[in-house]
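Residue numbers (our numbering): 10 to 914.
We put the beta carbon where it would ideally sit given N, CA and C, even for glycine.
To start, the structure under review is shown below, and the notes come after it.
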Amino acid sequence: ALAYASAPQLIAAASSIYDALLSHRAVLVVGSPGCGKSAAWKALVAASHGLEALASSGPAGELLVHVYSETLTAPRLQLGAADAAPGRGDTLGAVGADGRAPTDWLLRRLEGSLHWALRRRPEGANVQSGSAAVVGSSPKWVVFDGPLGTPKADRLGSLLLSRSLVLGSGGCVAELPSGAHYVWETSDLGGASPGLLASLPVVHVGGGGGAAGVWDTEAALAAGVRAVVKQQGMAPLVTPRFMRKLLALLGASLSGCEAAIRGLRERERGSHGPPGGLTLVSGLTALFGEVVRSLDVPAEASWAKQPADLELALARCAVFSCYWSLAGQLLGPGQRAAVEAAIRDAAAAAELPMVLPLGGSLAAWLVAPKRGGWVPWTATLHSLSADRPCIVPAMPLPLLSGGGGAAAAGRSSTDGGGGDAPGVDFHYYRDPRGGGGSLGLFVPSAASQALQYAAQLVLQAGGAPVLVGPPGSGRRTLLHHLLATVPMQQLRTTVVTAPGCAAASPTALQAAVMWHLAPGAGGCLRPTPGHRLVVVVEDLNAAVAGGHFDGRHAGELAAAAAAAAGGGDAAAAAVAGAAAAAAAGCEVEVQSATLEWLRHVLDEQAIRDPVSGLRLGLRGTSFAATCTPHGLLCGAEQLGGRLRRHLTQIHVDAAARCGPSDHFMTHGSVPASASASPHPPATSLTTVFSRPAVMLALAQHTVAHLAHCGVAEALTMPLPPAAAVLAATLEGVTRNIAALTHAGVTPALWHFDTAVVSGVVQRLCAAVAVANGIVGPGAGHDAPPPSSSGPSPPAAAAAATVVETRGSVPAPWGLREVLQRLAFEVGRAVMGHLSDSAPREALAKLLLQTMGRHLGALASGRLDAAVAAARQVLDTPPPPPPAAALAQQHLKVQAAAAAAAAPPP
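So, in structure tokens, the structure goes:
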């Protein structure tokens, strides 16, 4: 990376650090994330002790010790006055004879790895006449990396200022040698103590280089693109003139993206400008390399005969990479439209207008592998089963209708009784979150295909994708479906889900990762041969939540309150108040121990052994994460910029214009009046998956399961119309509960979304399977196949336990018992979140009215008018929640939290 630095600025930064160390033994190096702080002190270390000092390792031969202060295992570092029994704060052992805990490897390293060595005389001489001497050396450079103002930083700062301290475990003294240089790298001095700032010099890096810092972005972009072309064997096939055009296209796209972010301010990005340093350049070149690698040039001999086609394919790869690496960031609708316009203008300015797709947004097109042509994302849905052999296809409903069911379906098609019932294509996948036997339901769309392909490219390039979207948008489902169905580089994927909450300790996270790794060559850790380990950190926003107000939805409600206050509505502004606007406008970067450990791993691709302090490299290991926009950039509490620059952002809004299948009518054929619909094309996605489509898929899953379990009515009725009526029932219940939530009847923190409905359907199917003898004590010898939509093992086991406790096997259920159990499961899922009797009664009446209107036709078998009503429910988009209602929810929750936090009288 030092090769891409601007020589004058890098020399100036390294010289400033050197001048400060001439008069002081320690220096504070400060700068914005990605500006080149690490490059400055690394250049100084390389100039003083050679490049080998940067790669030295071992307890006695490590000239440079890079310490991430917040990831140190010992909670108290055994420094200062003891506030507990000796060794009590260290979970890996008691204090030894030298007064140091087993995890105090840092103190031992700083004092020098000294040991006695016996010097023998030549052979034949008396051994006792030899001499012994102390050998070993302390490090020459010690770099502390982390925020200031934390308890660990304060203890390390006291050690730097006083040079010796009495250990908290006893009367032993920790003393630092005078032959080492100490550097503390941080991005903010807001938490530093006045004594530390008064005693140590401060060197600011990247002040004159703008957002790029000490880096030369043009040189880095040119070197990265030329390296990709050379590695793929394309250098002899393209002309230098085309390479200049390609670099001009990429460079102009980068400049246009930065100008759009800097010129337009939208609330989705908060007060943040464009990323600094090489963040955009490295992400763009990595994604470009993976897209070009998919062309498979060595296997296509026709490329050599038609170099113009190869140049056109490379330019298309550049446009595709520019969109998903630049417009895929967390941007507002106006910023994303400006970035896409900048990419189009860059293609025209580079005299490459033919590389753009024929029509529509750039988000709607894919650069096809092998030949490099533009293909719409909607065209990839037909070959999904062939492209991903790990998915479990769902059986179509007409194939499940036997005998009477087929006759009923034929009658319905002739007399209008549901022959035009809507349907949706879905499949199952083995969800890694629930074990090997757990099946998850997935409804593919053009948006899901685009987002998953972008995340796959980032993972294959060695990056760490973070899927960003509001709560309930399907980020986690997308990521786990990708890891379960797509082999990364022909390797079997092992998924480890790590909690992203603030309470998780770095020791626990590191132990969870090391459990799946084994020692490899060169002091590295790697997974089992033939496997690739992917560590999924779910909900990074939970790691930055301070626990005040209403938890993970605090940012969303506060932002809604601020929008209501600034929208010109006097009533909404009165409801929001100044407190909500202040809470939404304050941005604080949270740097917890969990997030610092993740930054350490992503920065160095290595971990530290908690006892010996050895640096262990990670091979064959990738990281992926999910986060909400408010936890990433625009919330009151958000990730630090030093961690954020290691994550490749993929926002769900980048796929909002992937095609017509991403609107609310994704569950059936588009009616003739759809072309004249007054609804404009979507510019943002509340969810990746259409909720009516998911409801219809769950309904199809349910009726197929009823037919498989031998419910008599399900074997004689037409299943597609029944699934449409059941889907309309679930969708109607969801919308009515959302309306009650906006009115303040139900809690603001709870949402009856697709995840809750999926749990209702799962418990219903498990109960029917147990009651009809498919699973449990009365089950037959033939188990249902996975594609028959059987219940997952945990739900079936729970239902079987209920039957065993009753002491008898019930009679097989009919449709009446099934509908009663459905109403019971829906009521239990809703009523369990209400404590007052009045809201429970109001909600019970609403549920009975909603479910009775739809389920009555299903129970009677009269599906003619019910199918038309179901289509109307599924084709009507849900109304957006009013801003005043969201603001009222925020104020209610804030008042409740304040009352709970108040001390008792």
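Which residues bound the beta strand (DSSP E) around Ala633? What you label residue 633 is simply residue 624 of the sequence shown in a count that begins at 1. First-last of the beta strand (DSSP E) with Ala633: 630–636.
Under 7 Å between the Cβ atoms of Leu707 and Gly640? On the sequence shown, residue 707 is found 698 positions in, with the first residue counted as 1. On the sequence shown, residue 640 is found 631 positions in, with the first residue counted as 1. For Leu707 and Gly640, no; Cβs fall outside 7 Å.
Rounded C-alpha distance that separates Ala295 from Ala517: For the purposes of this step, residue 295 is identified with residue 286 of the sequence shown, where counting begins at 1. For the purposes of this step, residue 517 is identified with residue 508 of the sequence shown, where counting begins at 1. If I take the Cα positions, the gap works out to 31 Å.
Quick check on Met363: buried or exposed, where buried means 16 or more other Cβ atoms within 10 Å of its Cβ? Sequence index remark: in the sequence shown, residue 363 carries index 354 (1-based). Met363 comes out exposed.
Ala48 and Val223 look like a contact to me (Cβ under 8 Å); what is the Cβ gap, rounded to whole Å? Taking the first residue of the sequence shown as 1, we reach residue 48 at position 39. Taking the first residue of the sequence shown as 1, we reach residue 223 at position 214. Confirmed, about 6 Å.
Using DSSP bridges, identify the partner residues of Ala615. Locating residue 615 in the sequence shown gives position 606, where the first residue counts as 1. Gly626, per the DSSP bridge assignment.
Taking contact to mean at least 3 C-beta pairs separated by less than 8 Å, is the segment 714–730 in contact with the segment 860–880? yes
What separation, rounded to the nearest whole angstrom, lies between the Cα atoms of Gly576 and Arg484? Position 567 of the sequence shown, counting from 1, holds the residue named residue 576. Position 475 of the sequence shown, counting from 1, holds the residue named residue 484. Here Gly576 scores only 42 on pLDDT, less than 50, and its place in the model is too uncertain to base an answer on.
Return the chain-ordered list of same chain residues with a C-beta closer than 6 Å to the C-beta of Cys718, the five sequence neighbours on each side being excluded. Along the sequence shown, read from residue 1 onward, the residue named residue 718 stands at position 709. If we look at Cys718 and ignore the five residues flanking it on each side, its Cβ neighbours are Val777, Ala778, Asn781, Ile783.
Taking DSSP's pairing of strands, which residues face Met497 in a bridge? Taking the first residue of the sequence shown as position 1, residue 497 is located at position 488. Partner(s): Leu500.
Using CA coordinates, which residue listed in Ala851, Gly649, Ala456 is at the minimum distance from Gly753? If you number the sequence shown from 1, residue 753 lands on position 744. If we check each option's Cα against that of Gly753, Ala851 comes out closest.
How would you label Thr486, buried or exposed, when you count the other beta carbons within 10 angstroms and need 16 or more for buried? Here residue 486 corresponds to residue number 477 of the sequence shown, with the count starting at 1. The residue in question, Thr486, is buried, as its Cβ has 16 or more Cβ neighbours within 10 Å.
Our contact map puts Ala737 next to Ala879 with C-beta atoms below 8 Å; I'd like the distance itself, whole angstroms only. On the sequence shown, residue 737 is found 728 positions in, with the first residue counted as 1. On the sequence shown, residue 879 is found 870 positions in, with the first residue counted as 1. With a Cβ gap of about 4 Å, Ala737 and Ala879 count as contacting.
Just verifying my parser: in three-state terms, what is the DSSP assignment at Ala35? Start at 1 with the first residue of the sequence shown, and residue 35 comes out as number 26. Residue state, collapsed to three classes: strand.
Buried or exposed (CB count within 10 angstroms, at least 16 for buried), Lys379: Working through the sequence shown from its first residue, we reach residue 379 at position 370. Exposed, since its Cβ has fewer than 16 Cβ neighbours within 10 Å.
Can you find the residues in the same chain that come closer than 6 Å, C-beta to C-beta, to Gly649, ignoring five residues on each side of it along the sequence? The sequence position of residue 649 within the sequence shown is 640, counting from 1. Contacts found: Glu598, Gln600.
Alpha-carbon spacing of Ala12 relative to Ser394, whole angstroms: Taking the first residue of the sequence shown as 1, we reach residue 12 at position 3. Taking the first residue of the sequence shown as 1, we reach residue 394 at position 385. Roughly 45 Å between the two C-alpha positions.
Sequence-distant residues of the same chain with beta carbon closer than 8 Å to Leu491, five excluded per side: Counting from one through the sequence shown, the residue named residue 491 turns up at place 482. Cβ neighbours of Leu491 beyond the five flanking positions: Gln461, Ala464, Gln465.
DSSP has Trp50 in a bridge; who is on the other side? Within the sequence shown, numbered from 1, the residue matching residue 50 stands at position 41. In the DSSP output, where bridge partners are listed per residue, Trp50 has none listed.
Tell me Cys533's beta-bridge partners as DSSP assigns them. Locating residue 533 in the sequence shown gives position 524, where the first residue counts as 1. Per DSSP, Gly626.
Range of the contiguous alpha helix (DSSP H) that encloses Phe251: Mapped onto the sequence shown, residue 251 falls at position 242. Where Phe251 is concerned, the enclosing alpha helix (DSSP H) stretches over 249–272.
For the beta strand (DSSP E) that contains Asp396, what are its first and last residues? Position 387 of the sequence shown, counted from the first residue, corresponds to residue 396. First-last for Asp396: 393–396, but that is the alpha helix (DSSP H), not the beta strand (DSSP E).
Would you mind sorting Arg535 into buried or exposed? The rule is 16 or more other CB atoms within 10 Å of its CB. Reading the sequence shown from its first residue, position 526 is the one you call residue 535. That one is buried.
When you compare the segment 279–297 with the segment 353–369, are there three or more beta-carbon pairs, one atom per stretch, that lie closer than 8 Å? no
Of all the options Leu367, Pro385, Arg250, Gly368, which has the alpha carbon lying nearest to the alpha carbon of Leu375? Start at 1 with the first residue of the sequence shown, and residue 375 comes out as number 366. Of the candidates Leu367, Pro385, Arg250, Gly368, the one whose C-alpha sits nearest the C-alpha of Leu375 is Pro385.
Please return the same chain residues whose Cβ sits closer than 8 Å to the Cβ of Met840, not counting the five positions on each side in sequence. As a position in the sequence shown, residue 840 is number 831, starting the count at 1. Arg849, Leu852, Ala853, listed in sequence order.
Helix, strand or coil for Asp354? Go by DSSP, reduced to three states. Working through the sequence shown from its first residue, we reach residue 354 at position 345. Residue state, collapsed to three classes: helix.
Cα-Cα separation, Ala23 to Ala55: Residue mapping note: residue 23 aligns to position 14 of the sequence shown, counting from 1. Residue mapping note: residue 55 aligns to position 46 of the sequence shown, counting from 1. Roughly 11 Å between the two C-alpha positions.
Assumed close pair Leu735, Val712 - CB separation to whole angstroms, cut-off 8 Å: Here the question's residue 735 lines up with position 726 in the sequence shown. Here the question's residue 712 lines up with position 703 in the sequence shown. That pair is a contact at about 7 Å.
DSSP-derived helix/strand/coil call for His525: By one-based count along the sequence shown, residue 525 stands at place 516. If DSSP states are grouped into helix, strand and coil, His525 belongs with coil.
Can you give me the Cβ contacts of Trp606 inside the same chain, cut-off strictly under 8 Å, excluding the 5 residues immediately before and after it? For the purposes of this step, residue 606 is taken as residue 597 along the sequence shown, with counting starting at 1. Cβ within range, chain order: Tyr77, Glu79, Thr80, Pro515, Leu518, Gln519.
Please report the straight-line C-alpha distance between Gly292 and Glu646, rounded to a whole angstrom. By 1-based counting over the sequence shown, the position of residue 292 is 283. By 1-based counting over the sequence shown, the position of residue 646 is 637. About 25 Å.
Assign Gly622 to buried or exposed, taking buried as 16 or more other Cβ atoms, counted over all protein chains shown, within 10 Å of its Cβ. One-based indexing of the sequence shown puts residue 622 at position 613. Buried is the call here.
So for Ile659, helix, strand or coil by DSSP? The residue given as residue 659 occupies position 650 in the sequence shown. Of the three classes helix, strand and coil, the one that applies to Ile659 here is strand, per DSSP.
State the CB to CB distance for the pair Ser202 and Asp154, rounded to an integer number of angstroms; the pair is presumed to be in contact (CB under 8 Å). For the purposes of this step, residue 202 is identified with residue 193 of the sequence shown, where counting begins at 1. For the purposes of this step, residue 154 is identified with residue 145 of the sequence shown, where counting begins at 1. Not really, about 18 Å apart at Cβ, beyond 8 Å.
What's the call for Ala90, buried or exposed, on a 16-neighbour Cβ count within 10 Å? Reading the sequence shown from its first residue, position 81 is the one you call residue 90. Interpretation of Ala90 is limited by its pLDDT of 38, a score under 50 that renders its predicted location unreliable; the figure taken from the coordinates is listed afterwards. Classification of Ala90: exposed, given that the 10 Å Cβ count is below 16.
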